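Quick note, the sequence shown lines up with residues 288 to 390 if you use the numbering used here.
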Amino acid sequence: MFSIGLSEIIVIIVVGCLMLDPKKLPHVIKDIQTLYKKIFIIRQELINTAKSINICDIDDNEEENVIKKKIIGNDGNVYEAYEIKNLINNKEAKSYDSKNTNS
Numbered sequence: 288m289f290s291i292g293l294s295e296i297i298v299i300i301v302v303g304c305l306m307l308d309p310k311k312l313p314h315v316i317k318d319i320q321t322l323y324k325k326i327f328i329i330r331q332e333l334i335n336t337a338k339s340i341n342i343c344d345i346d347d348n349e350e351e352n353v354i355k356k357k358i359i360g361n362d363g364n365v366y367e368a369y370e371i372k373n374l375i376n377n378k379e380a381k382s383y384d385s386k387n388t389n390s
C-alpha cells in the first residue's frame with residue numbers, strides 16, 4: 288500500500304535541505320533529533336507497559352519473533368514446517384567434528 292524506499296527518503300532530505308535557510312539547518316537538525324529521541328522513549332514506555340500488563344508477549348529475542356512457517360499435508364491438515372538450515376548446519380558440524388577427531 289504505502290511504502291517509502293531509501294531513494295525517496297534521500298530525495299525528501301535533499302529537497303528539504305535546498306528549501307531551508309542554511310542558518311536554520313542546524314536548528315532543524317536538533318529539532319529532528321529531539322523528536323526522534325522522544326518517539327524512541329515513548330516506544331520503550333509502551334513496550335514496558337504492554338509487558339507489565341501482559342497485553343502481548345514482546346520479547347527481545349529475535350528467534351521467537353520469526354514467523355512460523357506452515358505447510359499443508361496430503362491429508363489437508365496444517366503442520367508447522369521444519370527449518371532445515373539448522374539441521375543441515377548441525378549435521379555438517381557433527382560430520383566435521385567426527386572427521387577431525389578420527390584423524
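All C-beta atoms, glycine included, are put in the ideal place defined by N, C-alpha and C.
Quick caveat, the model's predicted, so the values are computed rather than measured.
Nearest-angstrom Cα separation, counted from residue j out to residue i
| i | j | result |
| --- | --- | --- |
| residue 299 | residue 317 | 18 Å |
| residue 303 | residue 295 | 12 Å |
| residue 370 | residue 342 | 29 Å |
| residue 375 | residue 367 | 18 Å |
| residue 361 | residue 355 | 20 Å |
| residue 297 | residue 315 | 16 Å |
| residue 290 | residue 327 | 21 Å |
| residue 311 | residue 301 | 15 Å |
| residue 332 | residue 322 | 15 Å |
| residue 339 | residue 325 | 21 Å |
Helix, strand or coil at residue i [DSSP, three-state]
| i | result |
| --- | --- |
| residue 355 | coil |
| residue 370 | coil |
| residue 288 | Caution is warranted here: a pLDDT of 48 is assigned to residue 288, below 50, making its placement in the model unreliable, and no coordinate value can be reported. |
CB-CB length for residue i against residue j, believed under 8 Å
| i | j | result |
| --- | --- | --- |
| residue 365 | residue 357 | 5 Å |
Residues of its chain near residue i, where Cβ-Cβ distance is below 6 Å and the 5 sequence neighbours each way are ignored
| i | result |
| --- | --- |
| residue 293 | none |
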